[in-house]
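All remarks here apply to the structure that follows.
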Amino acid sequence: MRISFRFRIIPALICITLLLLGLSLARWQWSKANMREEQARQLQLRQAQAATDAVSFGLSMPEDYTPVFAEGEWLPEWTVYLDNRPLAGISGRIVLMPMRLKLSGKVLLVARGWQARDPKDRLHVTIPPAPAGPIRVSGFVRHQLDRVLQLGEAQAVTQGALLQNLDTASLRQASGLPVLPWVLQQNSEPSEGLQLHWSSVGNGAERNRAYAWQWLALSALSFIFFAIFTIRIHDSTIQHRKSGSE
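In terms of my numbering, the numbers along the sequence shown are unbroken and rise by one, the last being 1178.
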C-alpha cells in the first residue's frame, strides 16, 4: 500500500479557512463562557450583601442586582404594565408602580410582580393594592428590565398604559415625576394578585460552551475533508495484479 498526496489549491484553501475559522470561533465562545461564569459569581456575591437604602445612592446608578430597600408612598395613578410576559404558559404582564421615597422626595419605579391577564379582555388592567402611607419594599437594582421584541411603533407612556418595554427616562418625561434612572425589582412579600417569578440570573455559559463544541466539530470536519482531497491511497496488490496481467 502506497500513500501519495494530491494538493489542490482551491479545496485546500477552503478547508484551511474553515478549520481556522472554527478554531477561532470556538476559542471566542469558550472565553465568553468563562467571562459569563465570572460575572455570575460576582452577581451572587453582590446579591448576598446586606440591603442598602435606596436613598443613599442619590441620583447615581448603583450596580445591577445590588440588594436594596426603599421606604416611601405608592403613586398608584402612574402604574404601568409590561405586556406579553407569559409565565408557565399563562399570559400576563409585569406591574410597575412608582414610589415617592420618604427622605429624598425622588421617585423610584418598582417592579411589583407578575399579574395574570384577564382571559376575557386582554386590555383590562387591575391596579394591585397600594396601601396609603409609608411602606417598605426590598429587592434588587435593575438597570433595565427584561425586554421583548417591539412590534410596531412604541405606545405612548400614559397612566395605566400597556407597554412592550419601558425605560425610566420615558416615564420621567411623560409623568413629570423625578424618576430615578433604575428600577427596584421587588422580592419582598407580594401584594394580592401578584407573583414574584423573576427570570433567574443565568450566566449562559453552558450555551456558549455548546456553541464552542459546534465550532470545534466544524474544524474537525474541515480537517477530514482536507485529508480526503489531498491524500490518495494506492493498493500495491492491485497494481501488481494489473502489471502481471499485461
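We put the beta carbon where it would ideally sit given N, CA and C, even for glycine. Note that the structure is predicted; figures quoted are calculated from it, not measured.
- For R1017, the three-state secondary structure derived from DSSP is coil.
- In terms of Cα proximity to M1031, the closest of L1126, A1062 and G1021 is A1062.
- Of K964, L1041 and R940, the smallest CA-CA separation from R1141 is found for K964.
- DSSP, read as helix, strand or coil, puts Q1087 in coil.
- Contact annotation: T984 and T998 have beta-carbon atoms nearer than 9 Å.
- Taking the Cα positions, A1149 is about 37 Å away from Q1076.
- Assigned with DSSP and collapsed to three states, G1004 falls in strand.
- Taking the C-beta atoms as reference points, S1154 is found nearer than 9 Å to L951.
- Between L1116 and A1043, the CB-CB gap stays under 9 Å.
- Taking the Cβ atoms as the reference, H1129 lies roughly 14 Å from L1014, outside the contact range of under 8 Å.
- Shortest Cα-Cα distance from W1046 to any of L1040, A980, Q1082 and S1023 involves S1023.
- Judged by their CB atoms, L1095 and Q1087 are nearer to each other than the 9 Å cut-off.
- Between F1001 and V1073, the gap from beta carbon to beta carbon reaches 9 Å or more.
- Contact annotation, T1100 with L1109: C-beta distance approximately 10 Å; criterion of less than 8 Å not satisfied.
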